[in-house]
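Residue numbers (the working numbering): 1 to 564.
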Ligand SMILES: [Zn+2]
């Protein structure tokens, strides 16, 4: 090395060292939390007692003595032995859908048609005539008479408003006479493909619409306004924070909704982190191809650098594309929504423009087609850090598991879908194929990591229900005994990593999120008990005491140990 380079090297090292010591030896912090059981969730599985935070970052972690003796802060929280884990990420969810569903009448747990009519009545009293009244969550299996209702009881309470009430599973709706008339549905209206209009003995529609028939009415419900979207996103954010979720990977947003969220950040109404996948090919996609991706906007509150595509439908309605026909419908092997060629073309376009692709694939054929398209696209555009994703990955052919890790394709999975579907999944798939269904352990054994999500509002928001499902493969009543294909269960630690560090990797954010190491964002959750070791049943009921995002308390259940 010549002397000049030696000098340059010396200066670089000296400057770096001085910078390092000033950054780390400045004893003033903005927040200190101590006396906790703090799971760093790093590779070494460190557990520390205290963290010091400056601005939105963790600056140091260690024992109570190490932190309290050296650092000072006006805000010091004695955790009194409580447990802290990194802020949770839901790697597959729908914020607007959640918020909008929270703005309509909640019918979950109602016990009769009359009880529902009373709730509708109250809503009608506050609604202008002619305007829609909506609800969701009814289930006639919980009523004294377990049969579909008809529109008469709704007509009585809502003669001048269209009423649209979605069943708990989202596959049926119950509407009143006004809504049927407004949609032009009469005894002469034929059942649409993939749907059914329930009728009485005289062929007259009774007010219950199944699957594709729902849209005959739903298509007449106006799109939410900007202010409704804003209110909806605000509700969804509050709901997430109350469950310890600090980041959501939103699987399908349009430009208008992204703009609403950006405006909320600007006005301080969005203390949250969104990683957005653009909702398919269309205007929003064209817009972002032109302007380029958004990365880490407003101190990491918003990133838009992915596109969401669909390869097939869902298993419940037999729309998922299978290699062999459905075991309970031998003439049917499901449905591809995009061809391999189309998936390939969009993936090439995304890779060339620095976007990630997240493709919904449920059946083994649906997954194979995406794997084929991704592999071809990667040969055409050899991007080494592409992190292409497949969402759901519910049924995989045994020969295809290895292709995920081989090509660095990340499975995004929702453990709770497994426990929601398991009681009928074997009917659809047969036992042999079911072994390759929701096969988390097989994917981990092949070297993959899994990004964990809930797919809310289809499933509940609480990520600990996902952790419970991943660990037990049982429903909340601990059925079936021993778990459904228990060889696929995950450990508690693995299940939490799906919702922390692995999810962070799936959004290119492992440098700033997913663990509580110094330098990372101060996003964390405080629980009253040790969520890594409590009996698994405790996961069903435990709730966060606090959620901290970027060093600020954004959710607080109790005040008694709040601040000194
Ligand atoms: Zn989804």
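Glycine included, every Cβ here is placed at the ideal spot set by N, Cα and C. Keep in mind the model is a prediction, meaning the values are calculated, not measured.
Closer than 7 Å to some heavy atom of ligand 1: that describes the Cβ of residue 251. Here residue 249 is bridged, per DSSP, to 275. Exposed is the label assigned to residue 131, since fewer than 16 other Cβ atoms lie within 10 Å of its Cβ. A distance criterion of 7 Å places the beta-carbon of residue 92 in contact range of ligand 1, judged by its closest non-hydrogen atom. Taken atom to atom, the span from the alpha-carbon of residue 174 to that of residue 167 is near 7 Å. Counting the other Cβ atoms within 10 Å of the Cβ of residue 457 gives 16 or more, which makes it buried. Not one heavy atom of ligand 1 lies closer than 7 Å to the C-beta of residue 421. The Cβ atoms of residue 451 and residue 503 sit closer than 8 Å to each other. Of the other Cβ atoms in all chains shown, fewer than 16 fall within 10 Å of the Cβ of residue 481; this residue is therefore exposed. Ranked by Cα distance from residue 366, the options 352, 334 and 348 are led by 334. Secondary structure note for residue 175: it is in no alpha helix (DSSP H), and the uninterrupted beta strand (DSSP E) holding it is 172 to 175. Beta-bridge partners assigned by DSSP to residue 392: 361. Closest in C-alpha terms to residue 431, from the list 84, 474, 484 and 382, comes 484. In its chain, beyond the 5 residues on either side, 401, 404, 411 and 450 have a beta carbon closer than 7 Å to the beta carbon of residue 443. Just measuring C-alpha positions, the residue of 359, 332 and 96 sitting nearest residue 339 is 359. Uninterrupted beta strand (DSSP E) stretches at least 3 residues long and entirely within the segment 316 to 361 occur at 356 to 361, given in chain order. In the three-state reduction of the DSSP assignment, residue 287 falls in the helix class.
The three-state reading of DSSP puts residue 427 in helix, counting H, G and I together. Here DSSP, grouped into helix, strand and coil, assigns residue 61 to strand.
As for any alpha helix (DSSP H) of minimum length 4 sitting wholly inside the segment 449 to 488, the runs are 463 to 472, ordered along the chain. Judged by the Cβ position, residue 455 qualifies as a neighbour of ligand 1 at the 7 Å threshold, a heavy atom of the ligand being closer than this.
If you compare the alpha carbons of 99, 154, 78 and 109 with that of residue 118, the shortest gap goes to 154.
Residue burial is scored here from C-beta neighbours: residue 498 has at least 16 other C-beta atoms within 10 angstroms and is therefore classed as buried.
Where residue 260 is concerned, the enclosing alpha helix (DSSP H) starts and stops at 255 to 266.
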